[in-house]
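Peer 1: Going from the sequence shown to this note's numbering is simple: count from 1 and add 833.
Just passing along the structure, written as structure tokens.
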Amino acid sequence: MGIARVTRNFQVTIPKDVREIQGIKEGDKVIFSVDGSKVEISKFKNNLVEEAFGAWKSKVEPGTNYVKKIRSEWKIRNDKLEI
834 MGIARVTRNF
844 QVTIPKDVRE
854 IQGIKEGDKV
864 IFSVDGSKVE
874 ISKFKNNLVE
884 EAFGAWKSKV
894 EPGTNYVKKI
904 RSEWKIRNDK
914 LEI
């Protein structure tokens, strides 16, 4: 573990070994936990719902396409039933 200095803007550079252990990369969010005089820092893990939303984005068809598909299926059904 390393030692870091607090700058005049109260910024701290996370030591390399700590970044590597926690898997912290540039742009990542970190969370601070305070317990008495002890401060812990860990990588902030995104909400699973937020992560899943992006994964399904390409799988979900736009609503207009869905409506067109349903209307087409109903037209075929009505034509077969001669309605």
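For every residue, glycine included, the Cβ atom is placed at its ideal position computed from N, Cα and C.
Pull up the DSSP beta-bridge partners for phenylalanine 843, would you.
Peer 2: Phenylalanine 843 pairs with nothing; no bridge assigned.
Peer 1: Short check: CB of proline 848 to CB of glycine 860, under 7 Å?
Peer 2: Contact flag unset, no.
Peer 1: Along the chain, where does the alpha helix (DSSP H) that runs through glutamate 906 open and close?
Peer 2: Its alpha helix (DSSP H) spans residues 896 to 914.
Peer 1: Would isoleucine 874 and valine 863 qualify as a contact pair, given that the criterion is a beta-carbon distance under 7 Å?
Peer 2: Yes, they are a contact pair.
Peer 1: DSSP beta-bridge partners for lysine 876?
Peer 2: According to DSSP, which records beta bridges pairwise, lysine 876 is partnered with Val863.
Peer 1: Based on DSSP bridge pairs, tell me the residues matched to lysine 871.
Peer 2: Its beta-bridge partners are Asp868.
Peer 1: Work out the CA separation of threonine 846 and arginine 838 for me, nearest whole Å.
Peer 2: Each residue's alpha carbon lies about 8 Å from the other.
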